[in-house]
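There are 2 protein chains.
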Amino acid sequence: MSQTVDRALSILPLLAQGPADLGQVAERLGVHKSTALRLLRTLHEHGLVYRQQDQRYRLGARLFALAQEAVENLDVREIAHPHLVELNESCGHTVHLAVYEEQEVLYIDKVESRYPVRMYSRIGKPVAITVAAVAKLLLADLSEPERRAVAEKLDYPMYTSRSTPNAGAFLKELTVVREQGWATDLGGHEESINCVGAPVRGADGRVVAAMSVSAPNVVVTAEELLTLLPLVRRTADSISREYSGTTRPRKA
Amino acid sequence: MSQTVDRALSILPLLAQGPADLGQVAERLGVHKSTALRLLRTLHEHGLVYRQQDQRYRLGARLFALAQEAVENLDVREIAHPHLVELNESCGHTVHLAVYEEQEVLYIDKVESRYPVRMYSRIGKPVAITVAAVAKLLLADLSEPERRAVAEKLDYPMYTSRSTPNAGAFLKELTVVREQGWATDLGGHEESINCVGAPVRGADGRVVAAMSVSAPNVVVTAEELLTLLPLVRRTADSISREYSGTTRPRKA
DNA sequence: AATGGGTGTTGCGCACGATGCAACGACGAC
DNA sequence: GTCGTCGTTGCATCGTGCGCAACACCCATT
Chain A
1 MSQTVDRALS
11 ILPLLAQGPA
21 DLGQVAERLG
31 VHKSTALRLL
41 RTLHEHGLVY
51 RQQDQRYRLG
61 ARLFALAQEA
71 VENLDVREIA
81 HPHLVELNES
91 CGHTVHLAVY
101 EEQEVLYIDK
111 VESRYPVRMY
121 SRIGKPVAIT
131 VAAVAKLLLA
141 DLSEPERRAV
151 AEKLDYPMYT
161 SRSTPNAGAF
171 LKELTVVREQ
181 GWATDLGGHE
191 ESINCVGAPV
201 RGADGRVVAA
211 MSVSAPNVVV
221 TAEELLTLLP
231 LVRRTADSIS
241 REYSGTTRPR
251 KA
Chain B
1 MSQTVDRALS
11 ILPLLAQGPA
21 DLGQVAERLG
31 VHKSTALRLL
41 RTLHEHGLVY
51 RQQDQRYRLG
61 ARLFALAQEA
71 VENLDVREIA
81 HPHLVELNES
91 CGHTVHLAVY
101 EEQEVLYIDK
111 VESRYPVRMY
121 SRIGKPVAIT
131 VAAVAKLLLA
141 DLSEPERRAV
151 AEKLDYPMYT
161 SRSTPNAGAF
171 LKELTVVREQ
181 GWATDLGGHE
191 ESINCVGAPV
201 RGADGRVVAA
211 MSVSAPNVVV
221 TAEELLTLLP
231 LVRRTADSIS
241 REYSGTTRPR
251 KA
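Residue numbers (full-length UniProt numbering), protein chains in the order written: chain A, 1 to 252; chain B, 1 to 252.
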């Protein structure tokens with residue numbers, strides 16, 4: 001570990017609390033003013049700190065730019081995949097990963113069931129948005145007015161007798177999902193198929209993706225599938241941690 | 001300027017482009033692996049980089065948190081946001097907010113167009129400084145020598161045939177913008193996209209941010225877009241008023 | 001199993017670069 | 001004008017970051 005860098009980086013959280021002048025920085029670092037000056041200069045050249053008119057330093061907009069660029073290059077799919085495989089290996093069922101984009105929910109990854117009976121779905125295909133567990137999870141994270149706007153615009157096809165019948169029921173379901181932090185689809189899309197899912201969250205807590213485990217009745221009952229819920233949530237949380245770059249891969 | 005810190009900080013933009021392993025980092029820094037390792041470790045301890053399961057490095061959660069705080073310190077953004085949304089609701093086009101910092105112009109907020117055809121841009125990304133309407137507005141407010149100094153240092157890429165060709169033309173354009181109090185970009189960055197923008201001023205009259213409305217030719221012509229100018233200016237003025245009112249002159 | 005190329009990691013001696021000091025310059029207050 | 005405060009600069013000294021080389025490890029190949 002490098003002392004110089006260590007000191008320089010310690011300046012950042014310090015400035016996050018508010019602007020500070022050279023003297024304050026030097027004092028709080030426990031170094032000579034000239035040292036603090038050199039460190040600040042270096043940070044300044046990289047745009048991480050900004051010097052305002054009164055000569056005090058504050059965090060620079062470049063930080064924001066960096067973070068923004070990083071999220072854009074972050075690939076949930078790549079990060080999630082090994083976790084999905086692992087989950088599939090321990091329970092054997094089909095695992096899906098989906099994202100919300102432009103008023104649509106899309107599957108972006110899938111690990112096939114190891115049982116002979118498989119459900120039909122396809123990566124890149126829009127999800128049955130009013131009934132799928134992953135869709136509920138993704139929409140539940142939107143703001144209340146957004147949820148309402150989307151819900152009003154949707155069609156509510158009755159795939160089965162247990163499909164979500166209308167906007168009112170859908171919004172109610174979203175509220176439940178939002179509170180409990182997980183979702184199910186019990187025969188809402190195809191009579192004989194059940195799903196249980198959980199959300200993947202980014203560093204800011206917003207839901208960036210959702211995953212689910214699906215299995216047909218002939219393999220496991222809905223009750224049995226629900227016993228997988230803790231496992232599914234743990235997996236989703238692992239992905240969230242890795243996606244958001246949390247240093248401690250420990251408890252939620 | 002500190003060499004060690006300089007090297008360490010150079011790693012950040014490198015990782016913003018995507019995950020990289022130790023060897024790649026060392027190579028791109030032009031240092032020995034062991035040196036890169038020590039730097040990465042230090043960054044890691046501060047949570048700025050995260051080590052994923054395949055041992056590659058990425059930007060970490062702490063950086064996102066810092067970026068968040070950095071942007072919260074720019075209180076123009078908070079104040080402006082509702083106004084931008086309102087403007088978007090009344091005209092439907094993409095709305096941007098940008099600031100000037102350290103020889104760069106950065107988008108710090110954006111409200112997406114409600115039309116299906118959208119333009120590409122990204123908050124946090126440096127703006128095409130020689131052509132964008134917001135860039136002209138921000139630079140036009142600098143003092144004459146500052147403007148000249150910046151103009152000389154810039155490159156003038158010809159994104160299109162209507163891009164600003166050189167420093168002379170740019171300075172002339174800045175003078176015009178300065179006098180008229182608004183700016184345009186008519187196909188200067190992308191052939192089919194036009195923008196019209198206006199400045200946000202602080203209590204002392206200085207330009208603290210700039211906003212613009214952008215739309216592609218296929219949706220509205222340049223002439224039609226220009227009819228929005230009064231609306232854009234009114235919005236910018238509203239933001240200026242609110243910002244001047246709430247800005248607390250701690251030590252102006 | 002044994003081999004070899006590819007990683008990341010460690011210990012070390014040397015020299016370079018970061019450090020603190022002191023002196024200087026620029027402002028503002030009184 | 002004189003102080004006091006704050007940022008800045010040049011410099012000698014020493015600490016610390018540096019590259020090297022050897023090591024540990026994984027996995028693919030044979």
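The beta carbon of each residue, even a glycine, is placed where N, CA and C say it ideally should be.
| Item | Value |
| --- | --- |
| Considering B/N104, what are the terminal residues of the beta strand (DSSP E) in which it resides? | Per the sequence shown, the amino acid found at residue 104 of chain B is Glu instead of Asn. That run of the beta strand (DSSP E) goes 104-111. |
| The alpha helix (DSSP H) that contains A/L171, what's its start and end? | 167-180 |
| Please classify B/E190: does DSSP put it in a helix, a strand, or coil? | coil |
| Do B/A183 and B/L226 have their C-beta atoms within less than 8 Å of each other? | no |
| From the beta carbon of A/Y159, is the nearest beta carbon of chain B less than 8 Å away? | no |
| Is it the case that the Cβ atoms of B/V218 and B/A133 are separated by a distance below 8 Å? | no |
| One question on the structure: do A/R58 and A/L29 come within less than 8 Å of each other, judged by their Cβ atoms? | no |
| With 16 as the cutoff for other CB atoms within 10 Å, does B/A80 come out buried or exposed? | buried |
| Identify every residue that forms a DSSP beta bridge with A/H93. | Looking at the DSSP assignment, A/H93 forms no beta bridge with any residue, so it has no partner. |
| Determine, using beta carbons only, whether A/Q68 comes closer than 8 Å to chain B. | yes |
| Closer than 7 Å by beta-carbon distance: list the chain B residues that pair up with A/S244, in chain order. | A61 |
| Along the chain, where does the beta strand (DSSP E) that runs through A/V208 open and close? | 207-216 |
| In angstroms, rounded to a whole number, what distance separates the CA positions of A/V31 and A/T42? | 16 Å |
| Count the other CB atoms, across all protein chains shown, that sit within 10 Å of the CB of A/N194; report buried if there are 16 or more and exposed otherwise. | buried |
| So, at 6 Å on beta carbons, what are the nonlocal neighbours of B/V111 in its own chain, with the 5 sequence-adjacent residues on each side left out? | L84, V85, N88, V95 |
| Which residues in the same chain as B/P126 place their Cβ atom closer than 7 Å to its Cβ, once the five residues preceding and following it in sequence are excluded? | E104, V105, L106 |
| With distances taken between CB atoms, is the gap from A/A208 to A/H93 smaller than 8 Å? | The sequence given here places Val at residue 208 of chain A; Ala does not occur at that position. Not closer than 8 Å, so no. |
| With DSSP run on the structure shown, which of helix, strand or coil describes A/A16? | helix |
| Here's a check: name, in chain order, each residue in its chain whose Cβ is nearer than 7 Å to the Cβ of A/R148, leaving out the five neighbours to either side. | L171 |
| Does the separation of the CB atoms of A/T130 and A/L154 fall below 8 Å? | yes |
| I need the DSSP call for residue 254 of chain A, collapsed to helix, strand or coil. | What the structure shows of chain A is the stretch from 1 to 252, and residue 254 of chain A is not part of that stretch, so it cannot be assessed. |
| According to DSSP, is B/P145 helix, strand or coil? | helix |
| Going by C-alpha to C-alpha distance, which of A/A65, A/A16, A/E191, A/E144 sits closest to A/T160? | A/E191 |
| Any residues in the stretch 5-33 of chain B with a beta carbon nearer than 9 Å to a beta carbon of chain A? Which ones, in chain order? | V5, D6, R7, A8, L9, S10, L12, P13, L15, A16, Q17, G18, P19 |
| Using a Cβ-Cβ cut-off of 6 Å (strictly less than) and excluding sequence neighbours within five positions of B/A252, which residues of its own chain qualify? | With a pLDDT of 30 at B/A252, under the threshold of 50, the modelled position of this residue cannot be trusted, and the question is left open. |
| Given that B/T42 touches chain A, what residues does it touch there, using C-beta distances under 8 Å? | M1, S2, V5, D6, L9 |
| For B/L106, go through chain A and note every residue whose CB falls closer than 7 Å to its CB, in chain order. | A61, A65 |
| I need the boundaries of the alpha helix (DSSP H) containing A/L59, first residue and last residue. | First-last for A/L59: 57-59, but that is the beta strand (DSSP E), not the alpha helix (DSSP H). |
| Under DSSP, the alpha helix (DSSP H) around A/Y243 begins and ends at which residues? | 229-244 |
| Does DSSP put B/T4 in a helix, in a strand, or in coil? | helix |
| Using a Cβ-Cβ distance cut-off of 8 Å, determine whether B/Q52 contacts chain A. | yes |
| A/G47 to A/L9, Cα distance in whole Å? | 13 Å |
| When DSSP builds the beta bridges, which residues end up paired with A/R51? | A/Y57 |
| Name the chain B residues that come within less than 7 Å of A/R147, Cβ to Cβ? | Within chain B, no residue comes near A/R147; the closest Cβ sits about 17 Å away, beyond 7 Å. |
| Might you give, ordered along the chain, the residues of its own chain that have their beta carbon closer than 6 Å to the beta carbon of A/I239, omitting 5 neighbours on each side? | A80, H83, V200 |
| Ends of the alpha helix (DSSP H) at B/R28? | 22-29 |
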